[in-house]
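Here is the structure we will look at.
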Amino acid sequence: MSHILLFDDNAHLDYQKGIDYYDDISIELGNRYEEDFKKTLQYIKENPLHFSKRYSIIRIALFENFPFGIHFMVEGNVIYILKILHTKRFFKQ
Numbered sequence: 295m296s297h298i299l300l301f302d303d304n305a306h307l308d309y310q311k312g313i314d315y316y317d318d319i320s321i322e323l324g325n326r327y328e329e330d331f332k333k334t335l336q337y338i339k340e341n342p343l344h345f346s347k348r349y350s351i352i353r354i355a356l357f358e359n360f361p362f363g364i365h366f367m368v369e370g371n372v373i374y375i376l377k378i379l380h381t382k383r384f385f386k387q
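Residue numbers for the sequence shown follow the numbering used here, beginning at 295 and rising by one.
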């Protein structure tokens, strides 16, 4: 089954905060963060039910190389990306 990814507006903001944070340190680091994000999204799209439910219907996929998790839910063939959260520190909203 082919899955469709839909992003919550807040998820886009979360993603951009991560890019901005790592780009401020180094453009190369920002690029690696972006690549890790895309790789994690692709895995979610191919295997959305691989991840166990953590909060009722919310699943979390952790990045391979960065301390972030993508919070999402699955309804039929639609994957709703809700948040991208840092797993080790709190980003101000």
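All residues carry an ideal CB built from backbone N, CA and C; glycine is no exception.
Suppose the cutoff is 8 Å on Cβ atoms and the five residues either side in sequence are ignored; what does the same chain contact list for residue i look like?
i: L323; result: Y316, D317
i: I378; result: A305, D308, Y309, G312, F331, F362, G363, I364, H365
i: S246; result: Outside the modelled stretch of the chain, which goes from 295 to 387, sits residue 246, for which no answer is possible.
i: E369; result: none
i: L300; result: V372, I373, Y374, I375
Do you know how far the Cα of residue j is from the Cα of residue i?
i: F331; j: I373; result: 15 Å
i: K333; j: E340; result: 11 Å
i: Y327; j: K382; result: 15 Å
i: H344; j: I319; result: 33 Å
i: P342; j: Y349; result: 15 Å
i: H380; j: D314; result: 13 Å
i: Y337; j: S296; result: 13 Å
Just to confirm, is the Cβ distance from residue i to residue j under 8 Å?
i: D302; j: I375; result: yes
i: M367; j: I354; result: no
i: I298; j: N371; result: yes
Take residue i and list the residues in its own chain whose beta-carbon comes closer than 6 Å to its own, dropping the five residues that flank it on each side.
i: N359; result: D330
i: F357; result: D330, T334
Between which residues of its own chain and residue i is the CB-CB distance below 7 Å, once the five residues before and five after are set aside?
i: F385; result: Low per-residue confidence applies at F385: pLDDT is 49, beneath 50, and the placement is therefore not dependable enough to give any value.
Continuous beta strand (DSSP E) assignments of at least 3 residues falling wholly in the segment 315-381: Those beta strand (DSSP E) runs which fall completely within the segment 315-381 and span 3+ residues are 347-349, 352-356, 362-369, 372-380.
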